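Visitor: Letter 170 of the sequence shown, counting from 1, is numbered 195 in the working numbering, and no numbers are missing. Okay, here's the structure, questions in a sec.
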Amino acid sequence: MKSSLKRYALALSLTAAACAASAQTFPDKPLRLVTPYPPGGGTSLHASIITAMAEPHFGQPMISVIRAGGGGVVGAAEVLKGAADGYTLLFGDPTLNTLRPQVEKLPFQVNDFVPVARINYSPVIFVTSAQAPFSDLAGMVAYAKANPGKLAYSSDNVNGLTYVAFAMLKMKTGTDMRGVELGGGGPAITQLLGGNTMAYAGLPVVVGDHIKSGKVKPLCVTDDVRLEAFPDVPTCREAGADVIWRFWLGALVPKGTPPERVAALSDGFKKMTEDPGFQALIGRIGSKIDFLDHEQFATVLDEEAKSLKDLYAEMKQ
């Protein structure tokens, strides 16, 4: 009996030592950050900065991998098909990870991913083309009411960032506008700039330079405070429509990833977001950091999933 206990104790100690060694050596090869949307949008721009700055903070390079398709579903599904070892991460967002699995039939559920770190948290800006016959939100609403179904706006994908923003706006203003789903922020803003659509709602990182150059006109910000970068742009509430829609970007891994590896990745992202060089690059694209570690992120996502489900129930009434 004593010898059996000794063997059992030895096995436990060896297992513990192996786990400790694994935690200490992780990662020991390059990491992959999968961006599930086309190039040119806010997600890919943020991902390029993250992967450029990651190596000193993780001890290994981080490679940006774009897997666009299905409004983000292709990239998310690819991450889940891989090993749950912490080496492949999804660069996710609220529509892909907390909204769409609840309102669509997707190959994954909300809890199939484990939160690692939230990087930023931003509202969107409603904008219109420089040639549009209106220059503020009230003007766009009046035009839409006078021309039901004729105002076409650039959208990303069904239940995506822009889709939800305009769904809220239409619900709050009683307007009928037509969305053209284009799969991502890059193609969406391109169609607006080309004059093929009249409006768009995008992240500041996507529309900011176009606002400054005068190529698009800002209408309102989907937050309860104005953006520091655009203090003259009113909130949508100030402009006459009570629309609040904030958008995060963050890293997630498949369910089953060892907790110590999730924690190690979270620590790496924390160190990176505290790096002045990273902060400067994020600021240069008009974005800002709003970091949450894996535990804080998990709590927020749980609350967000519930609130988005309630919102969709309200919109469909």
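Glycine included, each C-beta is placed from N, C-alpha and C at the ideal position. Quick caveat, the model's predicted, so the values are computed rather than measured.
Can the beta-carbon of ASN145 be found less than 8 Å from the beta-carbon of LYS313?
Guide: In the sequence shown, counting from the first residue as 1, residue 145 sits at position 120. In the sequence shown, counting from the first residue as 1, residue 313 sits at position 288. Their beta carbons are under 8 Å apart, which means ASN145 touches LYS313 by this criterion.
Visitor: Could you tell me if GLY293 is buried or exposed, where buried requires 16 or more neighbouring beta carbons within 10 angstroms of its beta carbon?
Guide: Numbered from its first residue, the sequence shown carries residue 293 at position 268. With 16 or more Cβ atoms within 10 Å of its Cβ, GLY293 is classed as buried.
Visitor: Please report the distance separating the alpha-carbon of SER238 from that of ALA155.
Guide: Your numbering for residue 238 matches position 213 in the sequence shown. Your numbering for residue 155 matches position 130 in the sequence shown. Taking the straight line joining both Cα atoms gives about 10 Å.
Visitor: Could you pull the start and end residues of the alpha helix (DSSP H) that PRO81 belongs to?
Guide: Walking along the sequence shown from the start, residue 81 turns up at place 56. Residues 80-83.
Visitor: At the level of alpha carbons, what is the spacing between GLU339 and ASN172?
Guide: One-based indexing of the sequence shown puts residue 339 at position 314. One-based indexing of the sequence shown puts residue 172 at position 147. Each residue's alpha carbon lies about 25 Å from the other.
Visitor: Distance, Cα to Cα, ALA109 vs LEU207?
Guide: Taking the sequence shown and counting its residues from 1, one reaches residue 109 at position 84. Taking the sequence shown and counting its residues from 1, one reaches residue 207 at position 182. Whole-angstrom Cα-Cα distance: 31 Å.
Visitor: Look at the alpha carbon of HIS235 and the alpha carbon of THR50, and state the distance between them as a whole number of angstroms.
Guide: In the sequence shown, counting from the first residue as 1, residue 235 sits at position 210. In the sequence shown, counting from the first residue as 1, residue 50 sits at position 25. Distance between the alpha carbons of HIS235 and THR50 is about 45 Å.
Visitor: For the putative contact between ASP249 and ALA213, defined by C-beta atoms under 8 Å, what is the C-beta separation to the nearest angstrom?
Guide: Within the sequence shown, residue 249 is the residue found at index 224, counting from 1. Within the sequence shown, residue 213 is the residue found at index 188, counting from 1. Their Cβ separation, rounded to whole angstroms, is 25 Å, which puts ASP249 and ALA213 out of contact at 8 Å.
Visitor: Within 10 Å of its beta-carbon, does PRO243 have 16 or more other beta-carbons around it, so buried, or fewer, so exposed?
Guide: Here residue 243 is taken as the residue at index 218 of the sequence shown, counted from 1. Looking at its Cβ environment, which holds 16 or more other Cβ atoms inside 10 Å, PRO243 is buried.
Visitor: Using 10 angstroms around the beta-carbon of GLY134, count the other beta-carbons present and answer buried if the total reaches 16, otherwise exposed.
Guide: On the sequence shown, position 109 is the one that residue 134 refers to. The identity of residue 134 in the sequence shown is Gln, whereas the question assumes Gly. By the neighbour-count rule (16 or more Cβ atoms within 10 Å), GLN134 is not buried but exposed.
Visitor: Pick helix, strand or coil for ARG262, following the three-state DSSP scheme.
Guide: What you label residue 262 is simply residue 237 of the sequence shown in a count that begins at 1. DSSP places ARG262 in helix when its eight states are reduced to three.
Visitor: Check SER47 in the structure and name its three-state DSSP category.
Guide: Taking the sequence shown and counting its residues from 1, the one referred to as residue 47 is at position 22. In this prediction, SER47 has a pLDDT of 44, which is less than 50 and means its spatial position is unreliable; what the coordinates show is noted afterwards. Reduced to three states, the DSSP call for SER47 is helix.
Visitor: Which residues in the same chain have their Cβ closer than 6 Å to the Cβ of ASN264, if we skip the five residues on either side of it in sequence?
Guide: Locating residue 264 in the sequence shown gives position 239, counting from the first residue. For the sequence presented, residue 264 should be read as Ala rather than Asn. Cβ neighbours of ALA264 beyond the five flanking positions: LEU162 and CYS245.
Visitor: Do you know how far the Cα of MET78 is from the Cα of ALA305?
Guide: As a first step, residue 305 is located in the sequence shown; it is residue number 280 there, counting from the start. As a first step, residue 78 is located in the sequence shown; it is residue number 53 there, counting from the start. Near 11 Å, if we compare the C-alpha coordinates of MET78 and ALA305.
Visitor: Cα-Cα, which of LYS170, ALA224 and GLY209 is closest to THR120?
Guide: Looking up residue 120 in the sequence shown gives position 95. Among LYS170, ALA224 and GLY209, the Cα nearest to that of THR120 is on GLY209.
Visitor: Taking the CB atoms as reference points, tell me whether THR187 and TYR225 lie closer together than 8 Å.
Guide: Stepping through the sequence shown from its first residue, residue 187 is reached at position 162. Stepping through the sequence shown from its first residue, residue 225 is reached at position 200. The answer is yes: Cβ separation under 8 Å.
Visitor: Can you check which of these residues, ARG92, GLY67 and LEU114, is closest to SER291 by C-alpha distance?
Guide: As a first step, residue 291 is located in the sequence shown; it is residue number 266 there, counting from the start. The shortest C-alpha separation from SER291 is found at LEU114.
Visitor: Helix, strand or coil: which one does DSSP assign to THR324?
Guide: Looking up residue 324 in the sequence shown gives position 299. It is helical.
Visitor: With H, G and I counted as helix, E and B as strand and the rest as coil, what does DSSP make of ILE214?
Guide: Residue 214 sits at position 189 when you count from the first residue of the sequence shown. In this structure, ILE214 counts as helix in the three-state DSSP scheme.
Visitor: Quick check on the burial criterion: 16 or more other C-beta atoms within 10 angstroms. Buried or exposed for ARG309?
Guide: Against the sequence shown, residue 309 aligns to sequence position 284. So ARG309 counts as exposed.
Visitor: For MET87, which of LYS106, LEU274, ASP257 and THR60 has the nearest alpha-carbon?
Guide: The count along the sequence shown starts at 1 and reaches residue 87 at position 62. Measuring from the Cα of MET87, the nearest candidate turns out to be THR60.
Visitor: Would you mind listing the alpha helix (DSSP H) stretches within the stretch 237-290 that are 4+ residues and don't spill past its ends, in chain order?
Guide: Taking only runs of at least 4 residues, the alpha helix (DSSP H) segments lying wholly in the stretch 237-290 are 261-264.
Visitor: Any contact of the stretch 89-96 with the stretch 67-81, i.e. 3+ C-beta pairs under 8 Å?
Guide: Yes: at least three Cβ pairs fall under 8 Å.
Visitor: How is GLU339 classed by DSSP in three states: helix, strand or coil?
Guide: Residue mapping note: residue 339 aligns to position 314 of the sequence shown, counting from 1. Reduced to three states, the DSSP call for GLU339 is helix.
Visitor: Measuring alpha carbon to alpha carbon, tell me which residue in VAL231, THR68 and VAL128 is nearest LYS331.
Guide: Taking the first residue of the sequence shown as 1, we reach residue 331 at position 306. Residue VAL128 is the option with its Cα nearest to LYS331.
Visitor: Under 8 Å between the Cβ atoms of VAL287 and THR153?
Guide: Against the sequence shown, residue 287 aligns to sequence position 262. Against the sequence shown, residue 153 aligns to sequence position 128. No, Cβ-Cβ distance for VAL287 and THR153 is not below 8 Å.
Visitor: Please return the same chain residues whose Cβ sits closer than 6 Å to the Cβ of HIS71, not counting the five positions on each side in sequence.
Guide: In the sequence shown, the residue the question calls residue 71 occupies position 46. The answer, listed in chain order, is LEU274.
Visitor: To test your reading of the DSSP string, which unbroken beta strand (DSSP E) runs of 3 or more residues are found completely within the stretch 54-135?
Guide: Whole beta strand (DSSP E) segments, 3+ residues: 56-60, 87-91 and 113-117.
Visitor: My output table needs one value for THR153: the three-state DSSP class, helix, strand or coil.
Guide: Along the sequence shown, one-based indexing puts residue 153 at 128. Reduced to three states, the DSSP call for THR153 is strand.
Visitor: Just the Cα atoms here: how many angstroms apart are LEU131 and VAL278?
Guide: What you label residue 131 is simply residue 106 of the sequence shown in a count that begins at 1. What you label residue 278 is simply residue 253 of the sequence shown in a count that begins at 1. Approximately 17 Å, taken between the alpha carbons.
Visitor: Might you give, ordered along the chain, the residues of its own chain that have their beta carbon closer than 6 Å to the beta carbon of LYS296, omitting 5 neighbours on each side?
Guide: As a first step, residue 296 must be located in the sequence shown, where it is residue number 271. Cβ within range, chain order: HIS82.
Visitor: Contact check, TYR178 vs THR222 under 8 Å by CB: the rounded distance?
Guide: What you label residue 178 is simply residue 153 of the sequence shown in a count that begins at 1. What you label residue 222 is simply residue 197 of the sequence shown in a count that begins at 1. The pair is a contact, with the Cβ atoms about 6 Å apart (cut-off 8 Å).
Visitor: Between which two residues does the alpha helix (DSSP H) containing ILE307 stretch?
Guide: By 1-based counting over the sequence shown, the position of residue 307 is 282. Residues 301-309.
Visitor: GLY220 to SER160, Cα distance in whole Å?
Guide: Within the sequence shown, numbered from 1, the residue matching residue 220 stands at position 195. Within the sequence shown, numbered from 1, the residue matching residue 160 stands at position 135. The alpha-carbon atoms of GLY220 and SER160 are separated by roughly 15 Å.
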